[in-house]
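Chemist: Sequential numbering from 1 applies to the sequence shown in my numbering. Once you've had a glance at the structure underneath, I'll fire off some questions.
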Amino acid sequence: MSLEISPAGAGSCALLARLHGLCFSEAWTQDAFASLLAMPGAFAFLASTEESAQQMPAGFALARAGGGECEIIALGVVPARRNTGTGTALLGAIVAQARLLCVEDLLLEVAADNAAAIALYRAAAFVPVGRRKSYYRGEHGAGREDGVDAIIMRRTLLP
Ligand SMILES: CC(C)(COP(=O)(O)OP(=O)(O)OC[C@H]1O[C@@H](n2cnc3c(N)ncnc32)[C@H](O)[C@@H]1OP(=O)(O)O)[C@@H](O)C(=O)NCCC(=O)NCCS
């Protein structure tokens, strides 16, 4: 099944919000995506298969570059499309765009109990560089009084 990664602009905010709601327990609004995409250095991608393009893209990614760094703000693949390389392809598109923007370091935060995401990032050469205690109290920290730690992961693009 061929997978296509395409840039997502301001006109895709409604779609991005719907995708976010399918990928995460808490949906970000269309307005939230409009604000995020309006930030300097922000960019996003959609992942579609021939089949999914008829209905809903398979996944999305949103990142922001600036000052030599690029933060991956959100990356999600709809449940039915997981484990088929879509997350890896979206991550690859972010890395390629970051290189074009002369980024030196890619950074992200991931919940310490999100094994799938941590495995995806490790496989893409991200390494843990820090930890924020009890950072997630919503989605990943739900039902836990102490919340869930965030792992900060980094991948350098320098030779
Ligand atoms: C994390 C997520 C984006 C992975 O997307 P995906 O399309 O399933 O990932 P891929 O198919 O490209 O898998 C890449 C690698 O990730 C790892 N991985 C993916 N799902 C995994 C799982 N459920 N358990 C363990 N490892 C997993 C594997 O190492 C895999 O490589 P392999 O297939 O060679 O073994 C997806 O599970 C998701 O959208 N989760 C909910 C949203 C989320 O948590 N986003 C990240 C927030 S930081």
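Cβ coordinates follow ideal geometry from the N, Cα and C atoms, glycine included. Quantities reported herein were computed from a predicted structural model and do not represent experimental measurements.
Determine the DSSP secondary structure at ASP31, reduced to helix, strand or coil.
Modeler: Here residue 31 is taken as the residue at index 31 of the sequence shown, counted from 1. Residue state, collapsed to three classes: helix.
Chemist: From the DSSP output, in three-state form, read off ARG82 for me.
Modeler: Here the question's residue 82 lines up with position 82 in the sequence shown. Coil at ARG82, not helix or strand.
Chemist: Thinking C-beta only, is ARG154 closer than 8 Å to LEU100?
Modeler: On the sequence shown, position 100 is the one that residue 100 refers to. On the sequence shown, position 154 is the one that residue 154 refers to. No; because the gap between Cβ atoms is not below 8 Å, this pair is not in contact.
Chemist: Quick check on the burial criterion: 16 or more other C-beta atoms within 10 angstroms. Buried or exposed for ALA47?
Modeler: For the purposes of this step, residue 47 is identified with residue 47 of the sequence shown, where counting begins at 1. Buried, because 16 or more other Cβ atoms sit within 10 Å of the Cβ of ALA47.
Chemist: Are there any heavy atoms of ligand 1 lying less than 7 Å away from the beta-carbon of GLY92, as far as the coordinates show?
Modeler: Within the sequence shown, residue 92 is the residue found at index 92, counting from 1. For ligand 1, not one heavy atom lies less than 7 Å from the Cβ of GLY92.
Chemist: Pick helix, strand or coil for ALA42, following the three-state DSSP scheme.
Modeler: For the purposes of this step, residue 42 is identified with residue 42 of the sequence shown, where counting begins at 1. Three-state DSSP puts ALA42 in a strand.
Chemist: Classify ALA165 as helix, strand or coil using the three-state DSSP reduction.
Modeler: This structure cannot settle anything about residue 165, because the visible part of the chain is limited to 1 through 159.
Chemist: Which value, in whole angstroms, describes the spacing of the CA atoms of ASN83 and GLN55?
Modeler: Here residue 83 refers to the residue found at position 83 of the sequence shown. Here residue 55 refers to the residue found at position 55 of the sequence shown. Cα to Cα, the separation comes out at about 19 Å.
Chemist: Count the other CB atoms, across all protein chains shown, that sit within 10 Å of the CB of CYS70; report buried if there are 16 or more and exposed otherwise.
Modeler: In the sequence shown, counting from the first residue as 1, residue 70 sits at position 70. Classification of CYS70: buried, given that the 10 Å Cβ count is 16 or more.
Chemist: With respect to 7 Å, is the separation between the Cβ of GLY85 and the closest non-hydrogen atom of ligand 1 below this value?
Modeler: Taking the sequence shown and counting its residues from 1, one reaches residue 85 at position 85. Indeed, a heavy atom of ligand 1 lies less than 7 Å from the Cβ.
Chemist: Whole angstroms is fine: what's the gap from GLY147's alpha carbon to ALA27's?
Modeler: Taking the first residue of the sequence shown as position 1, residue 147 is located at position 147. Taking the first residue of the sequence shown as position 1, residue 27 is located at position 27. Spanning the two alpha carbons is a distance of roughly 19 Å.
Chemist: Give the DSSP bridge partners of SER48, in chain order.
Modeler: The sequence position of residue 48 within the sequence shown is 48, counting from 1. Answer by DSSP bridge pairing, in chain order: GLU4.
Chemist: Does the beta-carbon of ALA129, which I'm using as the reference point, lie nearer than 7 Å to any heavy atom of ligand 1?
Modeler: To locate residue 129, count along the sequence shown from 1; it is residue 129. With the sequence shown as reference, residue 129 is identified as Val, and Ala is not the correct amino acid for it. For ligand 1, not one heavy atom lies less than 7 Å from the Cβ of VAL129.
Chemist: Is the number of C-beta pairs between the region 83-92 and the region 24-42 that are closer than 8 Å three or more?
Modeler: The region 83-92 vs the region 24-42: no contact.
Chemist: Shorter than 7 Å, the distance from the beta carbon of LEU108 to the closest heavy atom of ligand 1, or not?
Modeler: If you number the sequence shown from 1, residue 108 lands on position 108. For ligand 1, at least one heavy atom lies less than 7 Å from the Cβ of LEU108.
Chemist: Strictly by DSSP, which residues pair up with THR156?
Modeler: Here residue 156 refers to the residue found at position 156 when the sequence shown is read from its first residue. Partner(s): ASP105.
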